[in-house]
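Chemist:
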Amino acid sequence: MLRGGGYVPALLPNLPFADKQFDLVLSGHFLFIYDDRFDYAFHLAAARELARVSAGEVRLFPPAGMNRKPYPQLEQLRRELKQDGIESEVIRSNFEFVQGWNQILVLHSKSR
Ligand SMILES: C[S@@+](CC[C@H](N)C(=O)[O-])C[C@H]1O[C@@H](n2cnc3c(N)ncnc32)[C@H](O)[C@@H]1O
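Per this note's numbering, the sequence shown starts with residue 143, numbered consecutively.
1) Roughly how many whole angstroms lie between the Cα atoms of ASP165 and ARG194?
2) Which residue's Cα is closest to the Cα of PRO205: SER253, GLN163, TYR182 and VAL150?
3) On the CB-based measure, 16 or more other CB atoms within 10 Å of its CB, does SER253 come out buried or exposed?
4) Within the continuous alpha helix (DSSP H) that includes GLU276, where are the two ends?
5) Would MET257 and ILE246 be called neighbours here (beta carbons separated by less than 9 Å)?
6) Less than 9 Å between the C-beta atoms of GLU229 and LEU223, yes or no?
7) Pop quiz: LEU202 and SER169 are said to be a contact at Cβ under 8 Å. What is the actual Cβ separation, rounded to whole angstroms?
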């Protein structure tokens, strides 16, 4: 986690930051690609935590695995986030570090 020009050591799914502390939260090449090591519950808790510290958007790249296929429980994750008031969308990315990793999961943090 980068804050104010320096790094703050932290581990998902628990971040040492206040609610809505950041305007924009980015997470790249961590969530979803290691789904052989981190289970669905971890992914849901991590997404909730990233949304908690965001006052605006959270962008998660890529919502796909090492096999280049979409995260199998992506729709379930989005449904559960929606139940918490966190809307989401999947948008196209121009950046394709690995073939097939061409989408971004965007979470829109709760307004209140
Ligand atoms: C493939 S690297 C991606 C690094 C960087 N985000 C990028 O895109 O170049 C995966 C990163 O996830 C970090 N990581 C591992 N477990 C984590 C956790 N529980 N919470 C947050 N980051 C974690 C690792 O330290 C590593 O830096």
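Think of the CB as a built atom: it goes at the ideal place given N, C-alpha and C, for glycine as much as any other residue.
Modeler: Put simply:
1) If you number the sequence shown from 1, residue 165 lands on position 23. If you number the sequence shown from 1, residue 194 lands on position 52. Approximately 11 Å between the Cα atoms of the pair.
2) Here residue 205 refers to the residue found at position 63 of the sequence shown. It is TYR182.
3) Translated into the one-based positions of the sequence shown, residue 253 becomes position 111. SER253 comes out exposed.
4) Look at the range of the chain in this structure, 143 to 254, and you will see that residue 276 is not part of it.
5) An answer regarding residue 257 cannot be provided, because it is not within the stretch 143 to 254 covered by the chain.
6) Along the sequence shown, one-based indexing puts residue 229 at 87. Along the sequence shown, one-based indexing puts residue 223 at 81. Yes, Cβ-Cβ distance for GLU229 and LEU223 is below 9 Å.
7) The residue labelled residue 202 in the question sits at position 60 within the sequence shown. The residue labelled residue 169 in the question sits at position 27 within the sequence shown. Going by Cβ atoms, the distance from LEU202 to SER169 rounds to 5 Å, so yes, they are a contact pair.
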